[in-house]
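J.: The structure is given below, and queries will be raised subsequently.
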Amino acid sequence: MSEPRRRAEPHVPKRTLSAVVTSQIRERIISGGYPPGSQMNEVEIAAGFATSRGPVREALQRLAQEGLLVASPHKGITVRVLTDDDLEDLYFARAAIERAAMERLTARGTPAALIATLEQAVRLLALAVARQDWQRVSAADLGFHQAIVDAARSERLSAMYASLADQTRLGLNLLVATYKGRTDLVEEHEQLLKLLTSGDHAALFDALNRHFGDAMITLRDHRDNSPVPPV
Numbered sequence: 001m002s003e004p005r006r007r008a009e010p011h012v013p014k015r016t017l018s019a020v021v022t023s024q025i026r027e028r029i030i031s032g033g034y035p036p037g038s039q040m041n042e043v044e045i046a047a048g049f050a051t052s053r054g055p056v057r058e059a060l061q062r063l064a065q066e067g068l069l070v071a072s073p074h075k076g077i078t079v080r081v082l083t084d085d086d087l088e089d090l091y092f093a094r095a096a097i098e099r100a101a102m103e104r105l106t107a108r109g110t111p112a113a114l115i116a117t118l119e120q121a122v123r124l125l126a127l128a129v130a131r132q133d134w135q136r137v138s139a140a141d142l143g144f145h146q147a148i149v150d151a152a153r154s155e156r157l158s159a160m161y162a163s164l165a166d167q168t169r170l171g172l173n174l175l176v177a178t179y180k181g182r183t184d185l186v187e188e189h190e191q192l193l194k195l196l197t198s199g200d201h202a203a204l205f206d207a208l209n210r211h212f213g214d215a216m217i218t219l220r221d222h223r224d225n226s227p228v229p230p231v
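Residue numbers (UniProt numbering): 1 to 231.
Below, the structure is given as structure tokens:
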């Protein structure tokens, strides 16, 4: 009697060393472990990760492509320093991607799982606002918008948005200060969620434009009222 055929185990691709190093460097950049403007030294980073320079070089090239690092002939590779104009451009690009995602979602029907995820994000946002925990406010805000884009089930759209979100997080210190003036932030997200399920394209896109427009106005006000740093 022949032995029963063993079921093949599902293939789970392993992360390469370069991917692991890229992920860890990315998190350190976003969290401020590598501050904006700091030089990325291949030798020092490789020693810190106890690896060769090859995976580090690949990681730095990838992160430069994502916009978190900047390669310069004279300065080498440094962590990007985001200006207010950069942040305004990030809002503009994020809004364009979200409109595309929302258009697909409203055409196909908003999944119940997405509604539950967004409701949870709004609850976390409201709790963070009540506690004036502005870093958690920022995290809940970005999580809300990322969930909408991911629900559109477009690999390329999600990848583009994730890169923009990482760059937004890179400017977190500036953004955290702007959240203090956004007292209507919870209501705006509640309205976006309501309109996303209503199927009213025009009202939804108008609300999204106002949402990002208000963010840019607050950003400009913060910039205009901030003290000029010493030269």
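For every residue, glycine included, the Cβ atom is placed at its ideal position computed from N, Cα and C.
By Cβ distance below 6 Å, which residues in the same chain neighbour L193 in space, the five residues on each side in sequence not counted?
T.: Residue numbering aside, residue 193 sits at position 193 when the sequence shown is read from its first letter. Same-chain partners within the cutoff: L118.
J.: Is residue 234 helix, strand or coil by DSSP?
T.: Here the chain has residues from 1 to 231 only, and residue 234 is not among them.
J.: Would you call the stretch 89 to 101 in contact with the stretch 158 to 170, where contact means no fewer than 3 C-beta pairs closer than 8 Å?
T.: The stretch 158 to 170 and the stretch 89 to 101 touch, with three or more beta-carbon pairs separated by less than 8 Å.
J.: DSSP on Q132, reduced to helix/strand/coil?
T.: Looking up residue 132 in the sequence shown gives position 132. Looking at Q132 - three-state DSSP - the assignment turns out to be coil, as it is neither helix nor strand.
J.: Which term fits E27, buried or exposed, when burial requires 16 or more other beta carbons within 10 angstroms of its beta carbon?
T.: Within the sequence shown, numbered from 1, the residue matching residue 27 stands at position 27. It is exposed - the Cβ of E27 has fewer than 16 other Cβ atoms within 10 Å.
J.: Does the stretch 29 to 46 come close enough to the stretch 73 to 89 to have 3 or more Cβ pairs within less than 8 Å?
T.: With the cut-off at 8 Å, the stretch 29 to 46 and the stretch 73 to 89 touch.
J.: Which residue marks the beginning of the alpha helix (DSSP H) containing T78, and which one marks its end?
T.: The residue you call residue 78 lines up with position 78 of the sequence shown. For T78, there is no enclosing alpha helix (DSSP H); the enclosing beta strand (DSSP E) covers residues 76 to 79.
J.: State yes or no: is the C-beta of K194 nearer than 6 Å to some heavy atom of the ligand ADP?
T.: Ligands displayed in this structure: none; no statement on the ligand ADP is therefore possible.
J.: Look at the Cβ atom of L170, then the Cβ atom of I25, and state whether they are nearer than 7 Å.
T.: Here residue 170 corresponds to residue number 170 of the sequence shown, with the count starting at 1. Here residue 25 corresponds to residue number 25 of the sequence shown, with the count starting at 1. No; because the gap between Cβ atoms is not below 7 Å, this pair is not in contact.
J.: Report yes if the C-beta distance between T113 and L124 is below 7 Å; otherwise report no.
T.: Against the sequence shown, residue 113 aligns to sequence position 113. Against the sequence shown, residue 124 aligns to sequence position 124. Per the sequence presented here, residue 113 reads as Ala, with Thr not at that position. Taking 7 Å as the Cβ cut-off, A113 and L124 do not qualify as a contacting pair.
J.: Can you grab the Cα-Cα spacing for the pair M216 / V20, in whole Å?
T.: If you number the sequence shown from 1, residue 216 lands on position 216. If you number the sequence shown from 1, residue 20 lands on position 20. Cα to Cα, the separation comes out at about 35 Å.
J.: Tell me whether E155 is buried or exposed, calling it buried when 16 or more other Cβ atoms sit within 10 Å of its Cβ.
T.: As a position in the sequence shown, residue 155 is number 155, starting the count at 1. Classification of E155: exposed, given that the 10 Å Cβ count is below 16.
J.: How long is the line joining the alpha carbons of E66 and D133, rounded to whole angstroms?
T.: As a working mapping, residue 66 is identified with position 66 in the sequence shown. As a working mapping, residue 133 is identified with position 133 in the sequence shown. Straight-line Cα distance between these residues: approximately 28 Å.
J.: Along the alpha helix (DSSP H) that carries P55, what are the first and last residues, could you check?
T.: Taking the first residue of the sequence shown as 1, we reach residue 55 at position 55. Its alpha helix (DSSP H) spans residues 53 to 65.
J.: Alpha carbon to alpha carbon, how far is L142 from P73?
T.: For the purposes of this step, residue 142 is identified with residue 142 of the sequence shown, where counting begins at 1. For the purposes of this step, residue 73 is identified with residue 73 of the sequence shown, where counting begins at 1. Between L142 and P73, the C-alpha separation is close to 34 Å.
J.: When you compare only the Cα positions, how much space is there between A203 and G48?
T.: For the purposes of this step, residue 203 is identified with residue 203 of the sequence shown, where counting begins at 1. For the purposes of this step, residue 48 is identified with residue 48 of the sequence shown, where counting begins at 1. Answer to the nearest angstrom: the Cα atoms are 51 Å apart.
J.: Provide the residue(s) that pair with Q39 in DSSP beta bridges, ordered along the chain.
T.: Reading the sequence shown from its first residue, position 39 is the one you call residue 39. Its beta-bridge partners are T78.
J.: Tell me the rounded alpha-carbon separation between L60 and L82.
T.: Numbered from 1 along the sequence shown, position 60 holds the residue referred to as residue 60. Numbered from 1 along the sequence shown, position 82 holds the residue referred to as residue 82. So the two alpha carbons sit approximately 18 Å from each other.
J.: Could you check whether T106 and H211 sit closer than 7 Å to each other, using their CB atoms as the reference points?
T.: Residue mapping note: residue 211 aligns to position 211 of the sequence shown, counting from 1. Residue mapping note: residue 106 aligns to position 106 of the sequence shown, counting from 1. No, Cβ-Cβ distance for H211 and T106 is not below 7 Å.
J.: Where do the N-terminal and C-terminal ends of the alpha helix (DSSP H) with T168 fall, by residue?
T.: In the sequence shown, residue 168 corresponds to position 168, counting from 1. 155 to 170 is the extent of the alpha helix (DSSP H) around T168.
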